[in-house]
Amino acid sequence: MQYIDPHAHMISRTTDDYQAMAAAGVVAVIEPAFWLGQPRTHVASYADYLSAILGFERFRASQFGVHHYCTIGLNSKEANDEALAEAVMEILPLFAQKDGVVAIGEIGYDEQTALEDRYFRLQLDLARELSLPVMIHTPHRDKKQGTLRSMAVCLEHGLSPAQVVVDHNNEETVRDVLDQGFWAAFSIYPSTKMGDARMVEILKRYGADRIIVNSACDWGISDPLAVPKTARLALEQGVPAEQVSLACYANALTAFAPSGQISETDWAGPAVIDQRTSFAGNSILRGGREAVVTGLDSAF
Amino acid sequence: MNDAAQELLRDWTARQAPATGREWLDARLGQIGAMTPGDPAAERALAIAFGQVPRQLGRGPLALTADDIAAAEAVRPGWRPQSWSLEGAARILLLLRCPSATPDTFHARFQRLRRAADPAEQVALFQGLPLYPHAHALVDEVGEGLRTNIRPVFEAIAHHSPYPREHMDEHRWNHMVLKALFVDSTLAPIQGLDARANPDLARILRDYARERRAAGRRISVELWRCLGPFAAEIGAVDDLALAARSDDPEERAAAGAWMEREHF
Chain A
1404 MQYIDPHAHM ISRTTDDYQA MAAAGVVAVI EPAFWLGQPR THVASYADYL SAILGFERFR
1464 ASQFGVHHYC TIGLNSKEAN DEALAEAVME ILPLFAQKDG VVAIGEIGYD EQTALEDRYF
1524 RLQLDLAREL SLPVMIHTPH RDKKQGTLRS MAVCLEHGLS PAQVVVDHNN EETVRDVLDQ
1584 GFWAAFSIYP STKMGDARMV EILKRYGADR IIVNSACDWG ISDPLAVPKT ARLALEQGVP
1644 AEQVSLACYA NALTAFAPSG QISETDWAGP AVIDQRTSFA GNSILRGGRE AVVTGLDSAF
Chain B
4 MNDAAQELLR DWTARQAPAT GREWLDARLG QIGAMTPGDP AAERALAIAF GQVPRQLGRG
64 PLALTADDIA AAEAVRPGWR PQSWSLEGAA RILLLLRCPS ATPDTFHARF QRLRRAADPA
124 EQVALFQGLP LYPHAHALVD EVGEGLRTNI RPVFEAIAHH SPYPREHMDE HRWNHMVLKA
184 LFVDSTLAPI QGLDARANPD LARILRDYAR ERRAAGRRIS VELWRCLGPF AAEIGAVDDL
244 ALAARSDDPE ERAAAGAWME REHF
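Chains as they are written, first to last, in the working numbering: chain A, 1404 to 1703; chain B, 4 to 267.
Put into structure tokens, the structure is as follows:
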């Protein structure tokens, strides 16, 4: 089975992770713009981060046969630094139309402050202007209220529920999100979000329509193989294969395809990995290690 | 040169793009051609258009005939657009169309675009070097580009371009040649390789060859081309002789030719 991990902060992960993901069948990842575990204090470091996730990180992923996409946005935590947030809003349009940008995100609320609300709304307008999907980060604290509020504000700004992926759901939020017609994503992230066994229960109860599974792997204790592992557990517990494939692959594709930047044809055909071409000069190719070259039908 | 190059780029990209893309491109060219340098709204419009090019025009290799390639050479000696892409050519055209009265204006605009550029955009920005006005103002930007980890970006500067031979000082030139070997790229597409050969580069390459040999790694046969003319001067005749006895027939041929020519 092929998988997409539609929420993975690969900039924090190692090449071993990429190799393991590719070996487990992950063909594509989506890297949402988020914070780095600590706040940035200057817009310049934010700009460099955005260019890194749509530039070098995409390149790095390609060396392991993983297709890398990203979302561009100002996250809710850093929205609370008004000077920074204003400056980031200035530069977002410069990045939001680049190759591989599949959504505005992850945006939404953290503590549901007035500043978070202001920049959330401005970014929803930007998504509407550029006809991009939106990825919503729902808050860890006061989650249910924050989720309901996020959806209401999306509707208020003229977005259609089909254009919006509401992420980090749990048992308490899923019903409302599905009832209102939004995509409901779940992050299988040990200890703070969902576990894989709970996820399988949700699939059994709600089916897989508009349900999306991701790892949200980042710099914390997290698992880049959470999507294939959850799929395996679901299959073992009798969830039909077509439902597993919807939740762990096809729904993410359908949700983000309207960006025009992600398509199954991107990974149709044999995987092409050419470490000679693209990653030259990086230390992984030094030390006499032979570059991996597979699936090339002609020399570069 | 600038106007004639723009005309060629407009023809090549317009004929390959869909009708909607052509209209979009012409509208942007009109808008950007009329901008006032330094106007933030205009610079923002340029940056957004720069990103949107593939969405509007599509992407892929730039389709060129033999006549097109000859026309490029006539407009700008050394301009070799054979490895350019459709989207890259359109991006370069947008940048050429911007009014830029001074080297500082052009440098600032190039730097802003380069700092936000994804790898494909970086390739385009650097491939355009032979065509830019005030090109010498960009030498430090080019130095930054050469530090890349992404080989196509490096090659956009080093290969099929008259820019390095015309604008780089010896130190930058030498390190570009060394890096080309270091990252398993090739030297043949570097313009001016023989004209700009120098003893210091030959010395650097001699030491690099020794380091490779000590590590039991293959030495590019292209290396001897830059080392041969200075082998005696830098004390590398033994290195050449060793390579001329190599098990590898290509290495033997490359080094042996220099032994013959220099009567070592």
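Glycine is no exception: its CB is placed at the ideal position from the N, C-alpha and C atoms. Predicted model only: the values in this text are computed from it and were never measured.
Extent of the continuous alpha helix (DSSP H) to which residue i belongs
i: residue 80 of chain B; result: Element bounds for residue 80 of chain B: n/a, residue is neither H nor E.
i: residue 1488 of chain A; result: 1485-1499
i: residue 1523 of chain A; result: 1517-1533
i: residue 1451 of chain A; result: 1446-1457
i: residue 95 of chain B; result: 89-100
i: residue 4 of chain B; result: Where residue 4 of chain B is concerned, there is no enclosing alpha helix (DSSP H), given that its DSSP letter is neither H nor E.
i: residue 1503 of chain A; result: Segment: none, residue 1503 of chain A is in no alpha helix (DSSP H) and carries neither H nor E.
i: residue 86 of chain B; result: It is not in any alpha helix (DSSP H) - residue 86 of chain B carries neither H nor E in the DSSP assignment.
i: residue 1555 of chain A; result: 1546-1559
8 angstroms contact criterion, which residue i and residue j should meet: CB distance rounded
i: residue 150 of chain B; j: residue 127 of chain B; result: Not quite, the Cβ-Cβ distance comes to about 18 angstroms (not below 8 angstroms), so this is no contact.
i: residue 1652 of chain A; j: residue 1407 of chain A; result: 5 angstroms
i: residue 123 of chain B; j: residue 15 of chain B; result: Not really, about 18 angstroms apart at Cβ, beyond 8 angstroms.
i: residue 79 of chain B; j: residue 8 of chain B; result: 6 angstroms
i: residue 228 of chain B; j: residue 190 of chain B; result: 7 angstroms
i: residue 1538 of chain A; j: residue 1661 of chain A; result: Not confirmed; about 13 angstroms, so no contact.
i: residue 5 of chain B; j: residue 99 of chain B; result: 6 angstroms
i: residue 1478 of chain A; j: residue 1438 of chain A; result: 5 angstroms
i: residue 1373 of chain A; j: residue 1655 of chain A; result: Not covered by the structure: residue 1373 of chain A. The range shown for chain A is 1404 to 1703.
i: residue 1618 of chain A; j: residue 1471 of chain A; result: In fact, because the Cβ distance is near 14 angstroms, the residues do not count as touching under 8 angstroms.
Bridge-paired residues (DSSP) for residue i
i: residue 1472 of chain A; result: A/1433
i: residue 113 of chain B; result: None; residue 113 of chain B has no bridge partner.
i: residue 119 of chain B; result: Paired residue(s): none; residue 119 of chain B is not in a bridge.
i: residue 1538 of chain A; result: A/1508 and A/1568
i: residue 1406 of chain A; result: A/1429
i: residue 1597 of chain A; result: A/1591
i: residue 1411 of chain A; result: A/1620
i: residue 1586 of chain A; result: A/1568
Local conformation of residue i per DSSP, three classes
i: residue 9 of chain B; result: helix
i: residue 1510 of chain A; result: strand
i: residue 27 of chain B; result: helix
i: residue 1681 of chain A; result: In this predicted model, residue 1681 of chain A has a pLDDT of only 46, less than 50, meaning its place in the structure is not dependable; the value taken from the coordinates is given anyway. Three-state result, residue 1681 of chain A: helix.
i: residue 64 of chain B; result: strand
i: residue 265 of chain B; result: coil
i: residue 259 of chain B; result: helix
i: residue 1663 of chain A; result: coil
i: residue 46 of chain B; result: helix
i: residue 1467 of chain A; result: coil
i: residue 1443 of chain A; result: coil
i: residue 1668 of chain A; result: helix
i: residue 103 of chain B; result: coil
i: residue 1575 of chain A; result: coil
i: residue 1704 of chain A; result: This structure gives no information on residue 1704 of chain A, because the portion of chain A shown stretches from 1404 to 1703.
i: residue 250 of chain B; result: coil
i: residue 57 of chain B; result: helix
i: residue 208 of chain B; result: helix
i: residue 18 of chain B; result: helix
i: residue 39 of chain B; result: coil
i: residue 3 of chain B; result: The structure shown does not extend to residue 3 of chain B, since chain B is modelled only from 4 through 267, so no value can be given for it.
Which full runs of the beta strand (DSSP E) of 3+ residues lie inside the segment 1614-1657 of chain A, going along the chain? 1614-1617
Taking only runs of the alpha helix (DSSP H) that begin and end inside the segment 130-205 of chain B, which ones reach a length of at least 4 residues, in chain order? 142-149, 154-161, 166-170 and 173-185
Every unbroken alpha helix (DSSP H) within the segment 219-246 of chain B, with a cutoff of 4 residues, ordered by chain: 226-230
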